[in-house]
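As structure tokens, the structure follows; a few thoughts come after it.
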Amino acid sequence: MVPLLEVRNLQITFTRYTGGLRQHQIKVVDGVDLSVAAGEITAIIGASGSGKSLLAHAILGLLPGNAAMSGKIMYRGEELDARRQEALRGREIAYIPQAVTYLDPTMRVGRQVRLAAGGDRREAADKQRRAFRRYRLGEHVEKLYPFELSGGMARRVLVAAASVSDARLIIADEPTPGLPQAEVREALLQLRELADSGCGVLLITHDIQAALGVADRVVVFYAGSSVETAHAQDFSGDGHLLRHPYSRALWRALPENGFEVLPGAQPQPSDRLEGCLFAPRCAMATAACSKERPEMRHVRGGMVRCYHAT
Amino acid sequence: MRLEGIGLGHRYGRGDWLFQGVNLSLATGEIVGLAGPSGSGKTTLGRILAGHERPLLGRVTLDGQPCPSKGYHPVQMVLQHPELAVNPRWRIRRVLEESWQPEPAVLEALGIEEQWLERKPVELSGGELQRICIARALGPGTRFLIADEMTTMLDAITQAQVWHAVLEVARARGLGLLVISHDRPLLGRLCQRVIDWEEQIQREYHSP
Numbered sequence: 000m001v002p003l004l005e006v007r008n009l010q011i012t013f014t015r016y017t018g019g020l021r022q023h024q025i026k027v028v029d030g031v032d033l034s035v036a037a038g039e040i041t042a043i044i045g046a047s048g049s050g051k052s053l054l055a056h057a058i059l060g061l062l063p064g065n066a067a068m069s070g071k072i073m074y075r076g077e078e079l080d081a082r083r084q085e086a087l088r089g090r091e092i093a094y095i096p097q098a099v100t101y102l103d104p105t106m107r108v109g110r111q112v113r114l115a116a117g118g119d120r121r122e123a124a125d126k127q128r129r130a131f132r133r134y135r136l137g138e139h140v141e142k143l144y145p146f147e148l149s150g151g152m153a154r155r156v157l158v159a160a161a162s163v164s165d166a167r168l169i170i171a172d173e174p175t176p177g178l179p180q181a182e183v184r185e186a187l188l189q190l191r192e193l194a195d196s197g198c199g200v201l202l203i204t205h206d207i208q209a210a211l212g213v214a215d216r217v218v219v220f221y222a223g224s225s226v227e228t229a230h231a232q233d234f235s236g237d238g239h240l241l242r243h244p245y246s247r248a249l250w251r252a253l254p255e256n257g258f259e260v261l262p263g264a265q266p267q268p269s270d271r272l273e274g275c276l277f278a279p280r281c282a283m284a285t286a287a288c289s290k291e292r293p294e295m296r297h298v299r300g301g302m303v304r305c306y307h308a309t
Numbered sequence: 000m001r002l003e004g005i006g007l008g009h010r011y012g013r014g015d016w017l018f019q020g021v022n023l024s025l026a027t028g029e030i031v032g033l034a035g036p037s038g039s040g041k042t043t044l045g046r047i048l049a050g051h052e053r054p055l056l057g058r059v060t061l062d063g064q065p066c067p068s069k070g071y072h073p074v075q076m077v078l079q080h081p082e083l084a085v086n087p088r089w090r091i092r093r094v095l096e097e098s099w100q101p102e103p104a105v106l107e108a109l110g111i112e113e114q115w116l117e118r119k120p121v122e123l124s125g126g127e128l129q130r131i132c133i134a135r136a137l138g139p140g141t142r143f144l145i146a147d148e149m150t151t152m153l154d155a156i157t158q159a160q161v162w163h164a165v166l167e168v169a170r171a172r173g174l175g176l177l178v179i180s181h182d183r184p185l186l187g188r189l190c191q192r193v194i195d196w197e198e199q200i201q202r203e204y205h206s207p
């Protein structure tokens, strides 16, 4: 079956001026491979600054002008180019962003959700009301402006907007930061419901435990590249089911696991490593690792970018 | 040395009281957690203990004396959002050395790279900037550190790395730590005791 979304060897390079007219290129996303199937939640976890949000922006066509992209993004088997992105964005492909700042501050939220529903006016109003009821938003909320909402309400408005738009693919970028635990759980269960109704969901988060509670598959990012695709249940015990040494280190660093430290830091794009990006911190690294970047390969029902994974 | 908050109460404007009659005591060498949901006044309590804010009710004392109002404050605080805690126009070196000149060992333990010091705050990621803020708060005059959701925005590995470094410094210098977080497993790892903030406010409300 063709996956709903497929990303193959995605690379994103930014051009920056470093003084005068001198330009400088930095590759911030360097090799991302993943796929999202209908009815599934694929979670993306990994170090901060590893390019997780940039991936979302690349799929939606929201990268800034000084970014150049290579590789392929396929949506329902066809390449997702700028024209299709514009046609599908906000309709078939919905975005649940991190913050309220993505709502239009000058428009009442009810109207914003009706616009997302599109189509006939009465039908849109009907859809919006139903979505508000479903996400515990009182009738008076329709008439409020974004600045009048609490963080949790704003998030529910964003989910409501995504749910009315007949979306097939939902991209949620850190939908739960700073929310109380009960609301985090609720937010994730709402994503699970959307997936169970047939949507594909890409959930970007740094809250590993929360992601594991709802996700089917987990993609681990490190230094701008995807290093592993695992099943959610591979994250258990001492992490021996995980394929990549970075995934295992991330799992064992959780306070509820070992709280173990992995020395060193994530490499910067300016370091221009030839080989595996994790090699400088890896206990298993051999000479081959620092020569050539490993390709993604299939191991035990998942994928991993490591020469030594078994 | 002992840091004490006695009968603390605070509210903003004419709003509801966030808390009233809160008592809290922390000794040097002690690591205490403060757990509770967001929006319940934990950060405000931290700000009061660190002298960023004056309490409307009660007082804060160090060994029974009022906190010094001049010079380096012995109670330092690290906030959740480092971008808001540094001057965006200063280079990192100046941000850091406003407080003290950390030894290279401290910087290394926190995973701070020499080259960051010449950059501007916008050129560092949130996690990198937070480590600068932590190093800044660990000056020689610091006796107590209040860590308000200090590593919430970091990935698990960086979080573990930063805390191991901070615990090391705290142990070596006998600092007292107040760790404010909603992450119970983290508090369980770090702290000798954990104060349940909601329980504490409730109790104070219902006592005569």
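Here the protein sequences line up with chains A and B, keeping their order.
For the record, in the first sequence the residue sitting at position 309 is 308 according to numbering that gives the first Met the number 0, with numbers rising by one throughout.
For the record, in the second sequence the residue sitting at position 85 is 84 according to numbering that gives the first Met the number 0, with numbers rising by one throughout.
Beta carbons are placed, not taken as given, at the ideal position from N, Cα and C, and that holds for glycine.
Across the structure, R46/B and E52/B are spaced so that their CA atoms are roughly 6 angstroms apart. By the criterion of at least three beta-carbon pairs nearer than 8 angstroms, the region 46-62 of chain A is in contact with the region 202-209 of chain A. For T41/A, the three-state secondary structure derived from DSSP is strand.
Within the region 181-247 of chain A, complete beta strand (DSSP E) segments of at least 3 residues are found at 199-203, 216-221 and 224-230, given in chain order. Here the C-alpha atom of P184/B lies approximately 13 angstroms from the C-alpha atom of R251/A. Where H9/B is concerned, the enclosing beta strand (DSSP E) starts and stops at R1 to H9.
Distance from S98/B to G138/B at the Cβ level is roughly 5 angstroms; contact confirmed, criterion being Cβ atoms closer than 8 angstroms. Annotation: F131/A is outside any beta strand (DSSP E); the continuous alpha helix (DSSP H) that includes it extends over R120 to R133. No Cβ-Cβ contact shorter than 7 angstroms links T150/B with Q160/B. P184/B carries a helical assignment under DSSP once its states are collapsed to helix, strand and coil. With respect to chain A, the C-beta atom of P36/B has a partner C-beta closer than 7 angstroms.
By the CB criterion at 7 angstroms, P81/B and Q129/B fall inside the cutoff. A Cβ-Cβ separation of about 6 angstroms places G212/A in contact with L187/A under the 8 angstroms criterion. Think of a sphere of 8 angstroms around the beta carbon of S47/A: the chain B residues whose beta carbon falls inside it are S124, G125, G126, M152, L153, D154 and T157, in chain order. One Cα belongs to L23/B, the other to R110/A, and the distance between them is close to 48 angstroms. Taking the beta carbon of H205/A as reference, the chain B residues within 7 angstroms of it are D154, listed in sequence order. Between the alpha carbons of V1/A and L153/B lies a gap of roughly 35 angstroms. Within chain A, not a single residue places a beta-carbon under 9 angstroms from that of D15/B; the smallest gap is close to 15 angstroms. Minimum Cα-Cα distance from R191/A among the listed residues D215/A, A181/A and L178/A corresponds to D215/A.
In the assembly as shown, Q201/B is an exposed residue. Its beta-carbon has fewer than 16 other beta-carbons within 10 Å. Taken in chain order, the unbroken stretches of beta strand (DSSP E) that lie wholly in the region 55-88 of chain B and span 3 residues or more are 56-61 and 74-77. Sixteen is the threshold: since fewer than 16 other Cβ atoms of the shown chains lie within 10 Å of the Cβ of T285/A, the residue is exposed.
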